[in-house]
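K.L.:
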């Protein structure tokens, strides 16, 4: 049996019905203090706090009995993972696996190993693979808050160390890890420095500087502090255009998307084109290829960090690529510093480099993050410049719900499908499933490919119910399955399983076969997800499938 608390509480390989709230709390406290005796008084204090019932010992004994019967029916008290001790109980990880215990062990091992060693990095990656979300998120108690802080610190340590290691060899991954770390803790300067170095290694100099500006704005506004000397020193190096260490490997050449690129670069352009695709679909690569194919005609920027004093950073980057002079860029800097929208005369000035005889494209990555002022300014430029095309790239159309960009209706929505074998070759297609982010790592060492694949799979399923991940795991462990088999193995109604399959197929993580069969589309994703299952668990699933 395996108990997961890093995210939604789940018990794998257990019998019985759903647990009442108090029983889940008892299980949570014992899991948080696994392999240690928790006295009945301490356990009651953690579960009830100041509302301690008069018969709390009897109530605890009842809940422990319920947990034993529900989770390990037939085992009896002597074989239960909840071991009775001297006046209390102990969660034994020798009798039931616990993801929190595995995280603590991986973190402890990593801290004892030499920095940069393969074993240490593997343990750091194990931490990221284990964490699906904050533990005990529904519990507003001191014991739960302490565990959440512990897991957050372990996760941040893993993100930062793996990010620093990846800057020289896999800057794309380093940037993703740094972004995740900053989103979780906006004061973590090491993560900002990783993002700056990774963006510079990718040749995205403006983005590297924006990461510093975001760091400085956050620290100043919320803590009244300036960035650390090391961060300021790195910023000065980037401003001075000092050489950045070359990438260890040549970039993967751009493949496919011929029809999409031809459509976007058409003359006249589609006035407002939305470019949609799930994480890893290659939206950013398409925008970069547009700039390469039509230099001086295409300006790109990203709205992901365009907040507060950086609100106009995306437009500044795009106009600089289109050849805007220093006065126009200074105009944008002044408006951004004042946190205000652009005036009509300022917009007229900005329209000059956009209102040409030939077509011009403004392309915005992560466009769902544009604020209302930016969308209004875009709409004005769209009306003012008849040869201007606007390309707004984002992950899913539903991401626009309630967002300002929804007020800028598209003339065309272009959805990026996976690449096909003719574009990338059969071997790369088998490994990647045609997902561009995985094509880039299809020939890298296996550990690198699986790490990127797991990250892509997590991002693509983040909006789905938890049952979708269970389907993905079963297909990874057992191979091609019928939906009826998935329903039996998960104990879920067939219509609900079909909903999960629909979402996973739409996300290009599963592929369909004849007769209601589904399988993993990408060998890398399959291997990464299967790696999460122990041999014992996979054997148990195969036995269940054989007997079903």
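Residue numbers (this note's numbering): 216 to 763.
By construction, the Cβ of each residue, glycine as well, lies at the ideal position given by its N, Cα and C atoms.
Remember, predicted model here, so these are calculated numbers, not experimental data.
For residue 588, tell me which candidate among 601, 627, 569 and 525 has the shortest Cα-Cα distance.
P.N.:
525
K.L.:
Using DSSP with H/G/I as helix, E/B as strand and the rest coil, what is residue 712?
P.N.:
helix
K.L.:
Near residue 397, what residues of its chain come up, given a Cβ to Cβ distance below 6 Å and the 5 sequence neighbours on each side ignored?
P.N.:
For residue 397, where only same-chain residues beyond five positions count, the Cβ hits under 6 Å are 406.
K.L.:
Starting from residue 579, follow its DSSP beta bridges and name the residues at the other end.
P.N.:
516 and 607
K.L.:
Going by DSSP, what residues sit across from residue 225 in a beta bridge?
P.N.:
219
K.L.:
From residue 305 to residue 372, what distance separates their C-alpha atoms?
P.N.:
Straight-line measurement puts the Cα of residue 372 at about 29 Å from the Cα of residue 305.
K.L.:
If you measure between the beta carbons of residue 222 and residue 354, is that distance less than 9 Å?
P.N.:
no
K.L.:
Between the beta-carbon of residue 698 and the beta-carbon of residue 720, is there less than 9 Å?
P.N.:
no
K.L.:
So for residue 563, helix, strand or coil by DSSP?
P.N.:
Here residue 563 sits in helix by DSSP.
K.L.:
Under DSSP, the beta strand (DSSP E) around residue 488 begins and ends at which residues?
P.N.:
487 to 491
K.L.:
To the nearest angstrom, how far is the alpha carbon of residue 586 from that of residue 643?
P.N.:
39 Å
K.L.:
Please state the DSSP three-state secondary structure of residue 343.
P.N.:
DSSP places residue 343 in helix when its eight states are reduced to three.
K.L.:
Judging by CA-CA distance, which residue of 357, 583 and 350 is the nearest neighbour of residue 263?
P.N.:
357
K.L.:
If distances are taken between C-alpha atoms only, which option among 562, 634, 663 and 662 comes closest to residue 649?
P.N.:
634
K.L.:
What's the call for residue 749, buried or exposed, on a 16-neighbour Cβ count within 10 Å?
P.N.:
Exposed: under 16 other Cβ atoms inside 10 Å.
K.L.:
Starting from the N-terminal side, write out each stretch of the alpha helix (DSSP H) that is 4 residues or longer and does not extend beyond the region 301 to 370.
P.N.:
314 to 327 and 333 to 345
K.L.:
Is there contact here, the region 499 to 516 with the region 609 to 627, by at least three beta-carbon pairs under 8 Å?
P.N.:
no
K.L.:
Opposite residue 630 in the DSSP bridges: which residues?
P.N.:
DSSP, once it has assigned bridges, lists 491 as partnering residue 630.
K.L.:
Assign residue 249 to buried or exposed, taking buried as 16 or more other Cβ atoms, counted over all protein chains shown, within 10 Å of its Cβ.
P.N.:
buried
K.L.:
Could you round the C-beta distance between residue 759 and residue 704 to whole angstroms and report it? I think they count as a contact, below 8 Å.
P.N.:
6 Å
K.L.:
Do three or more CB pairs link the region 409 to 428 to the region 378 to 392 at distances below 8 Å?
P.N.:
yes
K.L.:
For the alpha helix (DSSP H) that contains residue 543, what are its first and last residues?
P.N.:
Note, residue 543: alpha helix (DSSP H), 541 to 552.
K.L.:
Near residue 672, which residues of its chain fall below 8 Å by C-beta distance, leaving aside the five closest residues on each side in sequence?
P.N.:
687, 724, 740, 743 and 744
K.L.:
What residue range is occupied by the uninterrupted beta strand (DSSP E) comprising residue 734?
P.N.:
732 to 735
K.L.:
Are the CB atoms of residue 310 and residue 299 nearer to each other than 9 Å?
P.N.:
no
K.L.:
For a minimum of 4 consecutive residues, which ranges assigned as the alpha helix (DSSP H) are wholly contained in the region 244 to 312?
P.N.:
Within the region 244 to 312, the complete alpha helix (DSSP H) runs of at least 4 residues are 255 to 263, 271 to 286 and 291 to 294.
K.L.:
Report the residue from 343, 402, 487 and 224 whose alpha carbon sits nearest the alpha carbon of residue 438.
P.N.:
402
K.L.:
Can you name, in chain order, every residue of its own chain whose Cβ lies under 6 Å from the Cβ of residue 343, other than the five neighbours on each side?
P.N.:
373
K.L.:
Nearest CA to the CA of residue 240: which residue from 351, 641 and 277?
P.N.:
351
K.L.:
Which residues in the same chain have their Cβ closer than 7 Å to the Cβ of residue 582, if we skip the five residues on either side of it in sequence?
P.N.:
518, 607, 608, 609 and 620
K.L.:
Would residue 722 pass as a contact of residue 631 if the rule is Cβ separation under 9 Å?
P.N.:
no
K.L.:
Using 9 Å as the threshold, is the C-beta distance between residue 752 and residue 228 below it?
P.N.:
It is a contact, given that the beta carbons lie within the stated cut-off.
K.L.:
Please report how far the alpha carbon of residue 441 lies from the alpha carbon of residue 549, in whole angstroms.
P.N.:
Cα-Cα distance, rounded: 21 Å.
K.L.:
Residues in the same chain with beta-carbon distance under 6 Å from residue 359, minus the five sequence neighbours each way, listed in chain order, please.
P.N.:
351
K.L.:
Hey, would you say residue 296 sits closer than 9 Å to residue 307, going by beta carbons?
P.N.:
yes
K.L.:
Going by CA-CA distance only, name the one from 695, 276, 282 and 501 that's closest to residue 246.
P.N.:
Selected option, being the one with the closest Cα: 282.
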